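Undergrad: Residue numbers (my numbering): 1297 to 1763.
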Ligand code: MN
Ligand code: MN
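(1) Does the region 1415-1422 touch the region 1590-1609, meaning 3 or more C-beta pairs lie closer than 8 Å?
(2) I need the residues with a C-beta less than 5 Å from some heavy atom of ligand 1; please give them in chain order.
(3) At 3 residues or longer, and completely inside the region 1414-1453: list those beta strand (DSSP E) runs for me, N to C.
(4) Expressed to the nearest angstrom, what Euclidean distance is found between the alpha-carbon atoms of residue 1732 and residue 1521?
(5) According to DSSP, is residue 1702 helix, strand or coil?
(6) Would you please state the rounded distance, in angstroms, between the beta carbons of residue 1413 and residue 1433? I believe it to be under 8 Å.
(7) Would you report the Cα separation of residue 1326 and residue 1628, rounded to the nearest angstrom?
(8) Under 8 Å Cβ to Cβ from residue 1504, same chain only, skipping five residues before and after it: list those, please.
(9) Would you decide whether residue 1528 is buried or exposed? Buried here means 16 or more other CB atoms lie within 10 Å of its CB.
(10) Give me the Cα-Cα distance between residue 1694 and residue 1700, rounded to the nearest whole angstrom.
(11) Excluding sequence positions up to five away, which residues of its chain have a Cβ less than 6 Å from the Cβ of residue 1687?
(12) Do residue 1748 and residue 1328 have their beta-carbon atoms positioned less than 7 Å apart in this structure?
(13) Measuring alpha carbon to alpha carbon, tell me which of 1719, 1702, 1571 ends up nearest residue 1679.
(14) Relative to ligand 2, is the shortest distance from any of its heavy atoms to the C-beta of residue 1544 smaller than 6 Å?
(15) Can you tell me where the beta strand (DSSP E) with residue 1464 in it begins and where it stops?
(16) May I ask you to list the residues that DSSP assigns as paired with residue 1386?
(17) Where in the region 1585-1610 do unbroken runs of the beta strand (DSSP E), each at least 3 residues long, occur, reported from the N-terminal end onward?
(18) For a test of your reading of the model: does the CB of residue 1598 fall under 6 Å from any non-hydrogen atom of ligand 2? Yes or no.
(19) Residue 1573 by DSSP, collapsed to three states: which one?
(20) Per DSSP, residue 1402 is paired with what?
(21) Using a Cβ-Cβ cutoff of less than 7 Å, which residues in the same chain neighbour residue 1399 once the five nearest sequence positions on both sides are dropped?
(22) Starting from the C-beta of residue 1467, find all residues in its chain whose C-beta is less than 6 Å away, skip the five residues before and the five after it, and write them out in chain order.
(23) Excluding five sequence neighbours on each side, which residues of the same chain lie with their C-beta closer than 7 Å to the C-beta of residue 1716?
(24) Using DSSP with H/G/I as helix, E/B as strand and the rest coil, what is residue 1641?
(25) Tell me whether residue 1407 sits in a helix, a strand or coil according to DSSP, three-state version.
(26) Which of helix, strand or coil does DSSP assign to residue 1560?
(27) Could you tell me the alpha carbon to alpha carbon distance between residue 1389 and residue 1490, rounded to whole angstroms?
(28) Is it a yes or a no for the region 1328-1344 touching the region 1534-1549, going by three-plus beta-carbon pairs under 8 Å?
(29) Indicate whether the contact test is met: 3 or more Cβ pairs, each with one atom in the region 1397-1411 and one in the region 1583-1603, closer than 8 Å.
(30) Along the beta strand (DSSP E) that carries residue 1745, what are the first and last residues, could you check?
(31) Mind checking which residues open and close the alpha helix (DSSP H) that includes residue 1518?
(32) Grouping DSSP H, G and I as helix and E and B as strand, with all else coil, what is residue 1696?
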């Protein structure tokens, strides 16, 4: 009996797919490297909370590393490093490889916008001596989650004189924060009958911004006046300047270790900065690639990728065409020979809500970066569905580099689903596959990831860029 059992165990080890917690595969040196990487990631998360702040962070780091602004027609040689900043909200960086550009580029696409709450163009008002901002939320949020938590304000205001004013309040110790109220349970009998989707409605996401009146016995809207006076003193703005502003409300929480064992990270906006930062870091570490590496850190993914800083626009295509022309090559041929990792987060299995994921085909925390062959909903609608051949290529690259990875689908069939930018890139005739870090509580004000998966994402991008 014992022999037979051993045989089955041996056979299983050979024939069955193995699932192993990353910790069982990582050496002490790996763990130390992983923790150091995640500490740098958390610093980035606290510095860059919006697409503009992330684009500025990356641009500053690129310039320090010798990347220069890309100019069409410029002379480029292997090892040269260029970048393109698209309107302060998206960045493309490229390191020129030793192989001819006609052999294609290795492309990593990530997005740096996250779900949040934007101010309307006439935001400031007063009601019963409390000052508020009116808002319109950005991306897919569960609105009730954004009440009764500390919030910060980020963005820019373009004044009537054309001057650009930067705003960032609520992140530094000593800064005030902002707030959206919810009803006390004692008086929420009627509200509690609403569904979760309408528990808090879009027009109820009003930001509390002050409560002191301008001291004058006469006149109305004295709290609004007091606030406008403060804003005028600090930023030199008048109310009409809000018309030409982009002001974003995000959670004021800093990124923190989660758990007694500190194995996880809680933060706002892991989606998709948890792929952006590792791809960016990997690109900086691959200084002499064979194939030209291109990392695109894009905006507008959370609202469907439309607009001139989103991937439905032509800015990536134009960049690749211009890059090809620097070598006297045809952009179309470069794109057809290129390969892309479309890097975006995936839903991790949440044991509290097991019913939405299919256990054999979903991503687990601590099982490494997740490769997703297809996304989409209702019969794979909206997917790019990577070919078996391309999945095979990526599988070999990851396994040869000993990257910890898994495969996973976003939810059970017909449970919902979602798409990524993969389809827009694949539509340029580029071999594309989805890859990303599993996240719990995706799109919540505070999302959860495992450190081993963040580090695995970095290692996956590095292996791909070196291929
Ligand atoms: Mn995403
Ligand atoms: Mn998202």
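Where a beta carbon is used, it is the ideal one built from N, C-alpha and C, also for glycine. A quick note: this is a predicted structure, and the numbers were derived from the prediction, not measured.
TA: Well, looking at it:
(1) In short, these stretches do not touch, since the Cβ pair count stays below three.
(2) Sorted by chain position, residues whose beta-carbon lies closer than 5 Å to a non-hydrogen atom of ligand 1 are 1567, 1568, 1640.
(3) If we require 3 residues or more, the beta strand (DSSP E) runs fully inside the region 1414-1453 come out as 1426-1434.
(4) When rounded, the distance between both Cα atoms is 47 Å.
(5) Strand at residue 1702.
(6) Correct: roughly 5 Å between the Cβ atoms.
(7) C-alpha separation (whole angstroms): 41 Å.
(8) 1426, 1427, 1428, 1474, 1475, 1476, 1477, listed in sequence order.
(9) Around the Cβ of residue 1528, a 10 Å sphere holds fewer than 16 other Cβ atoms; the residue is exposed.
(10) Distance between the alpha carbons of residue 1694 and residue 1700: 8 Å.
(11) Hits under 6 Å: 1669.
(12) Not closer than 7 Å, so no.
(13) Proximity to residue 1679 across 1719, 1702, 1571 peaks at 1719, based on C-alpha coordinates.
(14) Not under cutoff, so the answer is no.
(15) Counting along the chain, residue 1464 sits inside the beta strand (DSSP E) bounded by residues 1460-1465.
(16) Bridge partners of residue 1386: 1382.
(17) Those beta strand (DSSP E) runs which fall completely within the region 1585-1610 and span 3+ residues are 1589-1594.
(18) With a cut-off of 6 Å, the C-beta of residue 1598 is classified as near ligand 2, since at least one heavy atom of the ligand falls inside that distance.
(19) Look at residue 1573 here: in three-state DSSP terms it is helix.
(20) 1589, 1635, per the DSSP bridge assignment.
(21) Around residue 1399: 1587, 1633.
(22) For residue 1467, where only same-chain residues beyond five positions count, the Cβ hits under 6 Å are 1448.
(23) Cβ within range, chain order: 1638, 1640, 1671, 1730.
(24) Looking at residue 1641 - three-state DSSP - the assignment turns out to be coil, as it is neither helix nor strand.
(25) DSSP, reduced to helix, strand and coil, places residue 1407 within a strand of the structure shown.
(26) Shown here, residue 1560 sits in a strand according to DSSP, grouped into three states.
(27) Distance from the CA of residue 1389 to the CA of residue 1490, rounded to the nearest whole angstrom, comes to 47 Å.
(28) Between the region 1328-1344 and the region 1534-1549, the count of C-beta pairs closer than 8 Å stays below three; the two stretches do not touch.
(29) Taking a contact to require three or more Cβ pairs closer than 8 Å, the region 1397-1411 and the region 1583-1603 qualify as touching.
(30) Taken as a continuous stretch (DSSP letters only), the beta strand (DSSP E) holding residue 1745 covers 1743-1746.
(31) For residue 1518, the enclosing alpha helix (DSSP H) starts and ends at 1518-1531.
(32) The three-state reading of DSSP puts residue 1696 in helix, counting H, G and I together.
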